[in-house]
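A.B. asks: Under my numbering, residue 362 is the last one in the sequence shown; the count climbs by one each step, no gaps. C-beta: ideal position from N, C-alpha, C; glycine also. Everything numeric in this text was worked out from a predicted model, so none of it was measured. This structure is in C-alpha cells; I'll ask about it shortly.
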Amino acid sequence: MSLQCPLCGKHKPEEALFCEDCTKRIQADYEVNLPELIQTEKSEDEVGSGLNSANDNEDILQEFNSRKKKTAKPLLWLVLTAVLLIAAFFIYNETIRKDNLERSGWDMAQKTNSVAGYIGYMTSYPSGSHFEEANAMLMRLKQNEAANWEQLKTTDNVSALRDFLQQYPGSPYTSLVKMRIDSLAWMGALKLNSAAAYSDYMLQAQSGDFSGEYLTLANNRYEMLFQSYPVNEADLDSIRMTVNGFYSALSKVDYDGIRRYLAPVVDRFFESGRAPRERITGELLMAAARTQEGILQFEADVNAVQYEKTPDDVYNVNVPLTKSFLRDGNTKEMPGYIVHMKLDSLFRIFHVYETKPQPDAP
1 MSLQCPLCGK
11 HKPEEALFCE
21 DCTKRIQADY
31 EVNLPELIQT
41 EKSEDEVGSG
51 LNSANDNEDI
61 LQEFNSRKKK
71 TAKPLLWLVL
81 TAVLLIAAFF
91 IYNETIRKDN
101 LERSGWDMAQ
111 KTNSVAGYIG
121 YMTSYPSGSH
131 FEEANAMLMR
141 LKQNEAANWE
151 QLKTTDNVSA
161 LRDFLQQYPG
171 SPYTSLVKMR
181 IDSLAWMGAL
191 KLNSAAAYSD
201 YMLQAQSGDF
211 SGEYLTLANN
221 RYEMLFQSYP
231 VNEADLDSIR
241 MTVNGFYSAL
251 SKVDYDGIRR
261 YLAPVVDRFF
271 ESGRAPRERI
281 TGELLMAAAR
291 TQEGILQFEA
301 DVNAVQYEKT
311 PDDVYNVNVP
321 LTKSFLRDGN
331 TKEMPGYIVH
341 MKLDSLFRIF
351 HVYETKPQPD
361 AP
C-alpha cells in the first residue's frame, strides 16, 4: 500500500486513508468520521479464530445429534406404550366388555320373560351366545300368548284382559283385547245407565284405555241424563210421582191407572201416533190378550230423573229404565233404556217414547 496521502501527497500512516491534516480538514468540512483502519485482509489471528469457530460449530452439531438420539429413545417407548394401551382397550371392548353387556342383556330378558324382552336381546345381539335359546323362549311365549287370548275372547273379566296387555306389550292381539275391554266397559255403563257412568266411560276412552267405539252414544246419553236445568223440588217430586205411577200401572197391566197419568190427548205413545187416552188404553188391553210372551215389568229410576221446563210450562223429562221379562219363573233384566216424556202443566203425559240400549231390544 502507498504511504503518500492521495489528496496532498504528504506522508500518511500505513493504516490511514489520508494524512493527518487532510483527515482533520475532511472531518471539519464534511462532519464525517473516517475509519482509522481498512480491513483489507484478515489477520492470522482472525483466520485462526474462524477455524476455531467452525470446529466449535461442528462439535455443537455432533452434541445436538447425540442428544437427539438419546431423546428419541424415550419418545419411541412412549409411542409404543400408547399403541399397546389403545390395542388393549379395543381388545377389552371387543371381548370382555361386549361379553359382559350381552350377559346383562340375557339376564334382563330372562328376568322379564316377555316377548319384548327376548326380541330386544335378539335384536341387540344377533350373534349372541344365547340367541337360539332366546328364539325358543320367544316361540314358547307366542304359543302361550295365542292360547291365553283364545281363553279371554269371551271373558267378562276386565282385570284379566288388562293383565294380558301388560304381559304381552305389542301383542298382535292388542287391538282385539282393547275392543273387548271397550265392549265390557260400555255394557257396564249401560247397566248403571247414569250420567256419571257415561262420563266415566268417556274419560277412559279419551285417555286411551280402550278404543272408544261408543263415545258418541255415551256423550248423547250423558246429555240426556245430566241435570243442567235448575231444579225445583216441588216440580221434581210431581214429575217423579207421574213417572213412577205410570210405569207401576204399566207393569201391573192396570189400564185405569195408566189412563190416570195420561193427558186427554196424547201426541205420541211410543210407536203410536196422536190418539185419545181411551183409545190408547183399549189398544193396550187387546195387545195384552193376543201376546204369548212373558210378563213385562218396568222399573224407572226416579231418583235419576232429568228434566227441563220450557217457557210454555211443558216439562221435558228423561229417566233411566230397566225392563225385565218374567217367564217360567226366570227373570231376565234388560237395563239401558232411557224414557223421554213431555208433561203438561198438570204433570200429565202427552208425549212418550224411549231410547233402547240396542236397536233390536224389545
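Pairs of beta-carbons, one from the stretch 315-328 and one from the stretch 268-276, closer than 8 Å: are there three or more?
C.D. replies: Output reads no: the stretch 268-276 does not touch the stretch 315-328.
A.B. asks: Looking at the structure shown, is Val339 part of a helix, part of a strand, or coil, going by DSSP?
C.D. replies: In the sequence shown, counting from the first residue as 1, residue 339 sits at position 339. Reduced to three states, the DSSP call for Val339 is strand.
A.B. asks: Is the CB-CB distance between Thr174 and Phe347 below 8 Å?
C.D. replies: Indexing the sequence shown from 1 puts residue 174 at position 174. Indexing the sequence shown from 1 puts residue 347 at position 347. Against a cut-off of 8 Å, the Cβ pair of Phe347 and Thr174 comes out as no contact.
A.B. asks: In the DSSP assignment, what residue or residues form a beta bridge with Tyr307?
C.D. replies: Looking up residue 307 in the sequence shown gives position 307. The partner list for Tyr307 (beta bridge, DSSP) reads Val317.
A.B. asks: Look up Lys323 in the DSSP assignment and say whether it is helix, strand or coil.
C.D. replies: Here residue 323 is taken as the residue at index 323 of the sequence shown, counted from 1. Note: Lys323 maps to strand in three-state DSSP.
A.B. asks: Starting from Ala275, follow its DSSP beta bridges and name the residues at the other end.
C.D. replies: Taking the first residue of the sequence shown as 1, we reach residue 275 at position 275. Answer by DSSP bridge pairing, in chain order: Val266.
A.B. asks: Using only alpha-carbon positions, find the residue among Leu80, Leu161 and Leu138 that is nearest to Asn148.
C.D. replies: As a working note, residue 148 is residue 148 in the sequence shown. Here the closest residue by C-alpha is Leu161.
A.B. asks: What is the C-beta distance between Lys356 and Val314, in whole angstroms, given that I count them as a contact (C-beta under 8 Å)?
C.D. replies: By one-based count along the sequence shown, residue 356 stands at place 356. By one-based count along the sequence shown, residue 314 stands at place 314. In fact, because the Cβ distance is near 24 Å, the residues do not count as touching under 8 Å.
A.B. asks: What are the uninterrupted segments assigned as alpha helix (DSSP H) that are 4 or more residues long and contained completely in the stretch 155-210, given in chain order?
C.D. replies: Listed in chain order, they are 158-167, 174-192 and 195-206.
A.B. asks: For Asp182 versus Ser211, is the C-beta spacing smaller than 8 Å?
C.D. replies: If you number the sequence shown from 1, residue 182 lands on position 182. If you number the sequence shown from 1, residue 211 lands on position 211. Yes; because the gap between Cβ atoms is below 8 Å, this pair is in contact.
A.B. asks: Taking one C-beta from the stretch 234-248 and one from the stretch 210-225 each time, how about it: are there three or more such pairs within less than 8 Å?
C.D. replies: No, the stretch 234-248 is not in contact with the stretch 210-225.
A.B. asks: I'd like the span of the alpha helix (DSSP H) that includes Tyr247, first residue to last.
C.D. replies: For the purposes of this step, residue 247 is taken as the residue at position 247 of the sequence shown. Taken as a continuous stretch (DSSP letters only), the alpha helix (DSSP H) holding Tyr247 covers Glu233 to Ser251.
A.B. asks: Of the choices Gly105, Pro169, His351 and Met139, whose alpha-carbon is the least far from that of Pro126?
C.D. replies: Position 126 of the sequence shown, counted from the start, is the residue given in the question as residue 126. Cα-wise, what sits closest to Pro126 is Gly105.
A.B. asks: Nearest by alpha-carbon distance to Val231: which of Arg260, Arg180 and Val305 is it?
C.D. replies: Position 231 of the sequence shown, counting from 1, holds the residue named residue 231. Taking only the C-alpha atoms, the option nearest Val231 is Val305.
A.B. asks: Exposed or buried, what is Cys19 when buried is set at 16 or more other beta-carbons lying within 10 Å of its beta-carbon?
C.D. replies: Walking along the sequence shown from the start, residue 19 turns up at place 19. Cys19 is buried by the Cβ-count criterion.
A.B. asks: Please go through the same chain and pick out, in chain order, the residues whose beta-carbon is closer than 8 Å to the beta-carbon of Tyr261, but skip the five residues on each side of it.
C.D. replies: Residue mapping note: residue 261 aligns to position 261 of the sequence shown, counting from 1. Closer than 8 Å at Cβ, skipping near neighbours: Thr242, Gly245, Phe246, Ala249, Arg348 and Ile349.
A.B. asks: Keeping to the same chain, check which residues put their C-beta closer than 6 Å to that of Lys10; ignore five residues upstream and five downstream.
C.D. replies: Position 10 of the sequence shown, counting from 1, holds the residue named residue 10. Cβ neighbours of Lys10 beyond the five flanking positions: Cys19.
A.B. asks: Measure the alpha-carbon distance for Ala300 versus Lys111 and round it to whole angstroms.
C.D. replies: One-based indexing of the sequence shown puts residue 300 at position 300. One-based indexing of the sequence shown puts residue 111 at position 111. If I take the Cα positions, the gap works out to 54 Å.
A.B. asks: From the DSSP output, read off the bridge partner residues of Gln4.
C.D. replies: Within the sequence shown, numbered from 1, the residue matching residue 4 stands at position 4. His11.
A.B. asks: Spatial neighbours of Glu354 within its chain, please: CB distance less than 6 Å, with the 5 preceding and 5 following residues excluded, ordered by chain position.
C.D. replies: For the purposes of this step, residue 354 is identified with residue 354 of the sequence shown, where counting begins at 1. Same-chain partners within the cutoff: Tyr337 and Val339.
A.B. asks: Taking Cβ positions, are Val115 and Lys142 nearer each other than 8 Å?
C.D. replies: For the purposes of this step, residue 115 is identified with residue 115 of the sequence shown, where counting begins at 1. For the purposes of this step, residue 142 is identified with residue 142 of the sequence shown, where counting begins at 1. Taking 8 Å as the Cβ cut-off, Val115 and Lys142 qualify as a contacting pair.
A.B. asks: CB Leu138 to CB Asp156, shorter than 8 Å?
C.D. replies: To locate residue 138, count along the sequence shown from 1; it is residue 138. To locate residue 156, count along the sequence shown from 1; it is residue 156. Taking 8 Å as the Cβ cut-off, Leu138 and Asp156 do not qualify as a contacting pair.
A.B. asks: List the DSSP bridge partners of Ile349.
C.D. replies: As a first step, residue 349 must be located in the sequence shown, where it is residue number 349. Answer is Leu262 and Leu343.
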